[in-house]
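Note sheet for the following structure.
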Amino acid sequence: MSTTPTHLDINSSAVPEVIEFITTKFISNSELYGQLTSLLKMIISKLYTDSLSHNNFCANMATPNGLTPKLIQMFGVSDRQLSSAMEEIGFYRGHAMYNDLYYQTLAVVYYIGLRKNDNVLRLYALVLINIKIFNGRKYKYMPNGCQSNIADHLIANKLLKSHLFVRYQNPFNLLTQYTAPSMDATYNQQVLKYPSDPKRGLLVMLVQSWVRLNQIFNGTAQHYYEVWNNKEALQTSNLSNAQSVESLSGTRINDMVSKTIKNMLNSNTDLTANDLSYLKMPPYSVSNAFLTKVFEYLNNHDNEDDVKNIVEMYYTILNIDDEHKMHNINVVLTVDKISGIKEKLSSKHDLKGYIDSLLKNMFGNIMVTAGASTLLKLRKVLMLIMLLRCKKALTNNPNATFERVSIN
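Note that the sequence shown covers residues 4 to 411 in my numbering.
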């Protein structure tokens, strides 16, 4: 079983040899497949039992201890063999989340469920993937700890009844009844058809899970800390419902994303000659060929999901929930702040990782061998192009341009 990259055709249903070996092993061995299903069922059952006493989104829902090495053992491959195979389909080593064996092993389990046409196994895998993302997003937005009394207050007084944290009561219900089933229903056929494509295959399950859960926490955190900083609010239970989390953040950000994508399709968001010249000058100094390939990719309707994902990540990071906020964005300074190499576990890093994966899709092995300074430069250029196009689209201003400031 080779671990050498196979240069897969991402427009086919082929997967790396290691992943095909694992999948065939389980599909052809009913006893082994039963052991896999029983293992995950036992874990999910334990999580369900624990969740019966959970009343809000602060509830602790721990990832299962020892699951990853157990799955590796059942797969019959080494950590290195699996990581190398997953890197071929977009799970790059340089990205903290994509390179996590926990996610990689469960992505393979999901794929086994796809090939076996087993929606139960697929949902088990997705729930466990989402648990770790959920915990990570909760810690990111509430690093001082999530206080249950504040969560109860938000649910009782500030959140709409349609808000996901109200509708599903606790994390387990949210992930098992909404997030995992909706993800599977939306993407399972696409992933089965193009499993190795970083923008349509197994990686999309990870990316979209992160995007959805991050949006929920991004909006909730704003109002969580309003109560945190006003402890008297916990004594009154009479705070105004006029500004709910969903209407102010998640829903409004989604509205802004939808409006942006619609305007990108229906209006002129092309860069002006002056802006193109700006990107060809130092410190960027990119070529016409580079820019041509980038615009061909971004203007290809087959890549609309990639464009939408970037827009969602931008708007979540920058909290763009109305046109006025975008109007005031300084594109050059904003990209300079969020395109660096630090903060690897932050939402900024997830955007940077996604941008880097797109560059690798566009330019292949050239990006794999590029030095850190070259990658940073090209990442900035793509981020500048995308954010300026967002600004043009959302503000309906085709004359929006790069601000001529020093970024040294």
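Here a beta-carbon is modelled for each residue, glycine too, at the ideal position from N, C-alpha and C.
Quick one: what does DSSP say residue i is sitting in, helix, strand or coil?
{"i": "P174", "result": "helix"}
{"i": "N58", "result": "coil"}
{"i": "Q150", "result": "coil"}
{"i": "E346", "result": "With a pLDDT of 41 at E346, under the threshold of 50, the predicted position of this residue should be treated as unreliable, though the coordinate-derived value follows. Of the three classes helix, strand and coil, the one that applies to E346 here is coil, per DSSP."}
{"i": "P19", "result": "coil"}
{"i": "Y287", "result": "coil"}
{"i": "N241", "result": "In this prediction, N241 has a pLDDT of 41, which is less than 50 and means its spatial position is unreliable; nothing more can be read from the coordinates."}
{"i": "S250", "result": "With a pLDDT of only 42 at S250, under the threshold of 50, the placement of this residue in the model should not be trusted, and no figure is reported."}
{"i": "H98", "result": "coil"}
{"i": "V412", "result": "Only positions 4 to 411 of the chain appear in this structure, which leaves residue 412 out of reach."}
{"i": "T6", "result": "Confidence in T6 is poor, its pLDDT being 42 and thus under 50, which makes the residue's placement unreliable; the coordinate value appears in the next sentence. It is coil, neither helix nor strand."}
{"i": "V338", "result": "helix"}
{"i": "E406", "result": "coil"}
{"i": "S48", "result": "helix"}
{"i": "S33", "result": "helix"}
{"i": "S360", "result": "helix"}
{"i": "R392", "result": "helix"}
{"i": "A88", "result": "helix"}
{"i": "N68", "result": "coil"}
{"i": "L43", "result": "helix"}
{"i": "G93", "result": "coil"}
{"i": "L412", "result": "Summary: the structure shown does not reach residue 412, with the chain confined to residues 4 through 411, and so no result is reported for it."}
{"i": "G79", "result": "coil"}
{"i": "L397", "result": "helix"}
{"i": "D325", "result": "coil"}
{"i": "D12", "result": "coil"}
{"i": "D53", "result": "helix"}
{"i": "N333", "result": "coil"}
{"i": "N63", "result": "coil"}
{"i": "Y105", "result": "helix"}
{"i": "N138", "result": "helix"}
What residue from the options has the CA that sits closest to residue i's CA?
{"i": "Y318", "options": "D258, L35, A88, D103", "result": "D258"}
{"i": "F405", "options": "G79, S81, L390, V207", "result": "L390"}
{"i": "Y106", "options": "V260, S212, D339", "result": "S212"}
{"i": "L43", "options": "E23, K73, E91, A62", "result": "K73"}
{"i": "K119", "options": "L282, N269, T40", "result": "T40"}
{"i": "V207", "options": "N312, H98, D325", "result": "N312"}
{"i": "M77", "options": "L381, I22, Q225", "result": "I22"}
{"i": "S81", "options": "F24, M329, K328", "result": "F24"}
{"i": "I75", "options": "V111, N102, Q225, I46", "result": "V111"}
{"i": "L11", "options": "L381, D200, N266", "result": "D200"}
{"i": "Y197", "options": "L362, V338, L117, N217", "result": "L117"}
{"i": "K161", "options": "Y227, N306, N269, R203", "result": "Y227"}
{"i": "V194", "options": "A88, K328, R125", "result": "R125"}
{"i": "M365", "options": "N191, T295, I323", "result": "T295"}
{"i": "I134", "options": "V297, Q218, T66", "result": "T66"}
{"i": "G69", "options": "L55, G79, I46", "result": "I46"}
{"i": "N302", "options": "H327, L268, M284, S280", "result": "L268"}
{"i": "P286", "options": "F220, G204, V384, V260", "result": "V384"}
{"i": "L131", "options": "E90, I358, G374, A183", "result": "A183"}
{"i": "F220", "options": "T27, S290, L167", "result": "L167"}
{"i": "I158", "options": "N138, S165, V169, C149", "result": "V169"}
{"i": "I136", "options": "D121, L109, M329, N147", "result": "L109"}
{"i": "L378", "options": "V230, G204, G97", "result": "G97"}
{"i": "L205", "options": "A375, E90, K363, A373", "result": "E90"}
{"i": "G37", "options": "N322, L321, A99, D121", "result": "D121"}
{"i": "A99", "options": "G139, I332, Y127", "result": "G139"}
{"i": "I332", "options": "L397, V123, T71, Y127", "result": "L397"}
{"i": "V123", "options": "R83, K380, T179", "result": "T179"}
{"i": "E20", "options": "R382, E34, N14, S87", "result": "S87"}
What is the C-beta distance between residue i and residue j, in whole angstroms, given that I count them as a contact (C-beta under 8 Å)?
{"i": "V314", "j": "I264", "result": "7 Å"}
{"i": "L387", "j": "V310", "result": "Not quite, the Cβ-Cβ distance comes to about 15 Å (not below 8 Å), so this is no contact."}
{"i": "I92", "j": "F29", "result": "I92 to F29, Cβ: 18 Å. No contact."}
{"i": "D325", "j": "R392", "result": "No, D325 and R392 are not in contact; Cβ-Cβ is about 18 Å, not under 8 Å."}
{"i": "L354", "j": "I341", "result": "7 Å"}
{"i": "Y95", "j": "N102", "result": "7 Å"}
{"i": "N266", "j": "N399", "result": "6 Å"}
{"i": "K394", "j": "P401", "result": "Wrong, their Cβ atoms sit about 10 Å apart, outside the cutoff."}
{"i": "M316", "j": "A224", "result": "So it is not a contact: roughly 16 Å between Cβ atoms."}
{"i": "M329", "j": "I323", "result": "5 Å"}
{"i": "K202", "j": "D308", "result": "6 Å"}
Start-end ranges of the alpha helix (DSSP H) lying completely within the segment 362-389, minimum 4 residues: 368-372
Counting Cβ pairs, one atom from each stretch, are 3 or more of them under 8 Å apart for the segment 175-182 and the segment 39-56? yes
Give a yes or no on contact between the segment 55-72 and the segment 147-164, applying the rule of three or more CB pairs nearer than 8 Å. yes
Secondary structure, alpha helix (DSSP H): runs of 4+ residues fully inside the segment 153-234: 167-170, 174-177, 183-196, 205-231
The segment 269-283 / the segment 362-375 touching (three or more Cβ pairs under 8 Å): no
Quick one: which unbroken alpha helix (DSSP H) runs of 4-plus residues sit fully inside the segment 252-320? Chain order, please. 254-269, 276-283, 291-301
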